[in-house]
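Read through the structure below, which is laid out as structure tokens, and then see the notes.
Number of protein chains: 2
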Amino acid sequence: MAVYTEVGDEELEAFLAEYDIGTVVSCKGIAEGVENSNYLLQTDRNTFILTLYEKRVREEDLPFFIALMDHLAGKGLSCPTPVHGKDGEALRRLADRPAAIISFLQGMWVRKPTPQHCHGLGQALAEFHLAGQDFAMQRPNDLSVKGWHTLFADCAERADTVAPGLRDELESELNYLTAHWPGDLPSGVIHADLFPDNVFFLGKTLSGLIDFYFACNDFLAYDIAVCLNAWCFEPDTSFNVTKARLMLQAYRDVRPISSNELQALPLLSRGAALRFLLTRLYDWLNQIEGALVKPKDPIEYLRKIRFHRDVGGPGAYGLD
Amino acid sequence: MAVYTEVGDEELEAFLAEYDIGTVVSCKGIAEGVENSNYLLQTDRNTFILTLYEKRVREEDLPFFIALMDHLAGKGLSCPTPVHGKDGEALRRLADRPAAIISFLQGMWVRKPTPQHCHGLGQALAEFHLAGQDFAMQRPNDLSVKGWHTLFADCAERADTVAPGLRDELESELNYLTAHWPGDLPSGVIHADLFPDNVFFLGKTLSGLIDFYFACNDFLAYDIAVCLNAWCFEPDTSFNVTKARLMLQAYRDVRPISSNELQALPLLSRGAALRFLLTRLYDWLNQIEGALVKPKDPIEYLRKIRFHRDVGGPGAYGLD
């Protein structure tokens with residue numbers, strides 16, 4: 146976690162009194178979630194996650210995230226579900242921050258995903274996309290093309306301190322993507338941050354998706370592009386086409402991928418790689434004093450951008 | 146935690162296969178324990194703590210700590226108990242570190258202890274002292290007078306960068322304590338670090354003591370002195386004699402405090418305050434790159450030393 150809020154005894158007690166979840170027997174801060182403070186909360190009835198939303202999550206977006214989790218759970222998707230208090234509310238304040246109690250999802254995230262894990266991911270991603278199709282609320286993706294321009298402007302001046310020539314390469318990439326970004330692909334609610342630490346497995350079986358705090362409306366295929374970046378590269382940045390093929394095949398067994406979407410995958414994947422490069426670069430250049438997590442290396446994503454730029458077409462991802 | 150070890154998928158699986166504790170359904174790093182990496186481990190049978198011992202805990206001391214927890218649990222004391230593997234061993238290696246699975250203790254530590262909490266603490270401390278009387282193993286307290294000299298020597302040169310005049314005041318205090326430190330008080334196994342975060346409560350009732358990784362053989366009254374420092378000062382460093390009196394009364398209802406011990410309390414309390422000042426000062430001056438916890442302010446303990454130096458006698462702690 147980037148920050149960590151301590152909760153006082155009395156304020157926790159008062160907060161929990163708003164819920165009908167049993168008597169608390171343990172509440173421990175957990176080292177999960179970069180954006181928020183998370184506590185594992187055990188009562189005599191069940192286990193929960195208590196989340197305090199830190200400033201990187203905009204308070205006005207929280208009703209979207211909470212309603213989305215409620216919607217997905219209602220569709221039978223395995224994901225954390227907001228616990229509603231005695232007053233019906235799922236969102237209230239604790240330690241001067243917005244806070245919610247979320248159901249606990251069993252499972253662990255895998256440090257080294259195998260092709261089989263990628264197969265499970267593809268299926269779950271497609272199921273998530275289908276389940277979100279009739280979700281009524283909207284949230285624009287502020288980390289799409291327009292947002293990249295803002296991030297780039299904030300980082301450009303110091304970009305070359307991270308890697309020589311980085312500024313020019315990013316500017317040229319950004320210009321190309323802006324000129325060629327598609328406008329007409331199937332859209333809906335996307336997760337937008339489906340990295341391995343947001344996907345839980347029990348053994349080899351996927352047990353659920355977590356952390357919907359980047360979810361927004363965008364091209365569904367952009368979510369696939371995020372997953373190609375996040376799951377299908379090896380630690381040395383070589384691309385594992387077996388993982389990609391299994392992920393894509395499992396996805397389209399649930400939701401067909403149109404020819405337009407398939408053709409757009411290399412470009413969308415460049416965009417997704419640029420998005421993570423830019424936020425990592427921003428964090429790298431603006432390290433927070435006292436942060437509990439070291440920022441991640443942005444250069445990993447430069448190599449991924451180059452890979453997607455150099456592929457001949459979607460066949461590089463293992464699908465015809 | 147000062148450091149945090151990531152455990153790989155396969156190595157965790159292999160490690161857990163050594164135990165008969167059920168199927169793992171969750172394993173989350175928790176933000177508890179400054180010295181070690183701790184995971185909250187849930188199986189389909191129970192909840193456990195998985196601890197990886199980092200370098201600040203000496204590996205050769207671990208059999209003492211593990212045997213002590215086994216001994217205390219055998220005496221019916223409420224404390225975490227090492228889980229023994231199928232081979233009978235409680236201590237093995239994980240991620241290139243010594244590691245153990247410990248039973249999970251329900252409860253939460255109190256951020257703002259009340260006099261009632263201090264009463265519970267005094268009783269539990271005395272019960273712990275009695276339970277440890279026939280523990281056969283020995284471990285010297287390397288953070289007693291001799292250890293303070295070593296710490297002071299490491300910090301002296303830069304001490305005045307933290308507070309002007311600190312070096313001289315510490316040197317004079319150290320010399321006085323060395324000359325007057327008692328040699329003949331009742332001894333046994335002490336906890337030596339019984340701060341509020343190592344004492345769990347369920348509501349107002351103490352549910353157990355944790356974190357025995359500073360435990361050693363020393364004067365039992367020195368443990369009381371640690372608690373006077375850790376529990377009986379308010380955040381503004383004023384001394385709350387009500388808390389002290391309740392703690393001491395509850396203690397001696399279980400184990401009588403001899404007149405010699407009582408007379409030595411102000412001096413032992415100065416020593417205990419100096420011990421925490423010196424380790425905090427050392428950490429302050431030697432901050433670890435990438436540490437997840439900011440070091441604590443050493444100056445708080447300078448004010449506590451001065452308080453104990455200025456008391457007229459043990460009556461200042463609320464006992465005659």
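Protein sequences, first through last, are from chains A and B.
Its first residue numbered 146, the first sequence is counted upward by one per residue in our numbering.
Its first residue numbered 146, the second sequence is counted upward by one per residue in our numbering.
Using N, Cα and C, we set each Cβ at its ideal position, and we do this for glycine too.
Which partner residues does A/ALA244 have in the DSSP bridge list? Under DSSP, A/ALA244 takes part in a beta bridge, and its partners are A/LEU197, A/ARG237.
Along the chain, where does the alpha helix (DSSP H) that runs through A/PHE466 open and close? Nothing about residue 466 of chain A can be read from this structure; chain A reaches only from 146 to 465.
Based on Cα-Cα distance, which residue from B/LEU222, B/ALA245, B/PHE160 lies nearest to B/ASN181? Among B/LEU222, B/ALA245, B/PHE160, the Cα nearest to that of B/ASN181 is on B/ALA245.
If the cut-off is 7 Å on Cβ atoms, which residues from the region 172-184 of chain B count as contacting chain A, listed in chain order? CYS172, LYS173, GLY174, ILE175, ALA176, GLU177: these are the residues of the region 172-184 of chain B whose beta carbon lies less than 7 Å from some beta carbon of chain A, given in chain order.
Euclidean distance between Cα positions of B/LYS441 and B/TYR321: If you draw a straight line from the Cα of B/LYS441 to the Cα of B/TYR321, it comes to about 25 Å.
Fully enclosed by the region 316-394 of chain A, which beta strand (DSSP E) runs are 3 residues long or longer? For the region 316-394 of chain A, whole beta strand (DSSP E) runs of length 3 or above, ordered along the chain, are 332-335, 344-347, 350-354, 361-364.
Taking only beta-carbon atoms, is B/ARG256 less than 8 Å away from chain A? Yes, its Cβ sits closer than 8 Å to a Cβ of chain A.
When the cut-off is 8 Å and only beta carbons count, does A/GLN251 lie next to chain B? Closer than 8 Å: yes.
Compute the beta-carbon to beta-carbon distance between A/ILE175 and B/ILE175, rounded to the nearest angstrom, for a pair I have assumed lies under 8 Å. Contact flag correct, Cβ pair sits at about 6 Å.
What would DSSP say about B/THR192, mapped onto helix, strand or coil? DSSP places B/THR192 in strand when its eight states are reduced to three.
Alpha carbon to alpha carbon, how far is A/MET318 from A/ALA281? The sequence shown places Glu at residue 318 of chain A, rather than the Met named in the question. Rounded to whole angstroms, A/GLU318 and A/ALA281 show a C-alpha spacing of 34 Å.
Using only alpha-carbon positions, find the residue among B/GLN187, B/ARG454, B/TYR367 that is nearest to A/LEU347. The shortest C-alpha separation from A/LEU347 is found at B/GLN187.
Residues that B/VAL170 contacts on chain A, provided the C-beta gap is smaller than 9 Å: Per Cβ cutoff of 9 Å: GLN251, GLY252, MET253, LEU347, SER352.
Spell out whether any CB of chain A is found under 8 Å from the CB atom of B/ASP428. False, the Cβ-Cβ gap to chain A never drops below 8 Å.
Considering only the beta carbon of each residue, do B/LEU222 and B/THR424 sit closer than 8 Å? Contact: no.
Kindly list the residues whose CB is nearer than 7 Å to the CB of A/TYR427, restricted to its own chain and excluding five residues on each side of it in sequence; keep chain order. Within the same chain, A/TYR427 has close Cβ partners LEU296, ASP299, CYS300.
Chain-ordered residues of the region 152-164 of chain A with a beta carbon less than 7 Å from chain B: Look at the region 152-164 of chain A: the residues with a C-beta under 7 Å from a C-beta of chain B are GLY153, ASP154.
Would you say A/TYR198 faces chain B, with C-beta separation under 8 Å as the test? For A/TYR198, the answer is no, since every Cβ of chain B falls outside 8 Å of its Cβ.
Are three or more beta carbon pairs between the region 265-280 of chain A and the region 228-235 of chain A nearer than 8 Å? No contact exists between the region 265-280 of chain A and the region 228-235 of chain A.
Please determine if the region 199-210 of chain A and the region 371-389 of chain A are in contact, where contact requires at least 3 C-beta pairs separated by less than 8 Å. No: the two stretches stay apart, fewer than three of their Cβ pairs being nearer than 8 Å.
Ignoring anything shorter than 3 residues, give me the beta strand (DSSP E) runs that lie fully in the region 205-293 of chain A, in order along the chain. Taken in chain order, the complete beta strand (DSSP E) segments of 3 residues or longer contained in the region 205-293 of chain A are 237-239, 242-248.
Inter-residue CB distance, A/TYR396 and A/GLY267 (contact presumed, cutoff 8 Å): The Cβ separation is near 4 Å, so the contact holds.
Based on Cα-Cα distance, which residue from A/TYR446, A/THR196, A/ASP215 lies nearest to A/THR150? Of A/TYR446, A/THR196, A/ASP215, the residue nearest in Cα terms is A/THR196.
What is the DSSP secondary structure of B/LYS449, reduced to helix, strand or coil? B/LYS449: helix per DSSP, three-state reduction.
Could you work out which residue in B/ASN191, B/ALA461, B/GLU445, B/VAL228 is closest to B/VAL386 when comparing CA atoms only? Of the listed residues, the one whose Cα sits closest to B/VAL386 is B/ALA461.
Hey, how far is the Cα of B/LEU419 from the Cα of B/LEU410? One C-alpha to the other measures close to 14 Å.
Going along chain B in order, which residues have a C-beta closer than 7 Å to the C-beta of A/TYR149? Under the 7 Å cutoff, chain B gives ALA176.
Rounded distance between the beta-carbons of B/PHE364 and B/MET253, thought under 8 Å: Between B/PHE364 and B/MET253 the Cβ distance is about 30 Å, and since that is not below 8 Å, they are no contact.
Residues in its own chain within less than 7 Å of B/ALA218 by CB, not counting five upstream and five downstream? So the qualifying residues of the chain are CYS224, THR226.
Once DSSP output is grouped into helix, strand and coil, what is the label at A/TYR462? A/TYR462 falls in the helix class under three-state DSSP.
Go to B/GLU163, then tell me how far its alpha helix (DSSP H) extends in each direction, as first and last residue. Per DSSP, B/GLU163 belongs to no alpha helix (DSSP H) and is neither H nor E.
Sequence-distant residues of the same chain with beta carbon closer than 8 Å to A/LEU458, five excluded per side: A quick correction: the sequence has Gly, not Leu, at residue 458 of chain A. Excluding positions up to five away in sequence, the list reads GLN408, PRO411.
Nearest residue (CA-CA) to B/ASN183, options B/CYS172, B/ALA159, B/ASP189: Considering only alpha carbons, the answer is B/CYS172.
In whole angstroms, what separates the C-alpha of B/THR259 from that of B/LYS388? Each residue's alpha carbon lies about 7 Å from the other.
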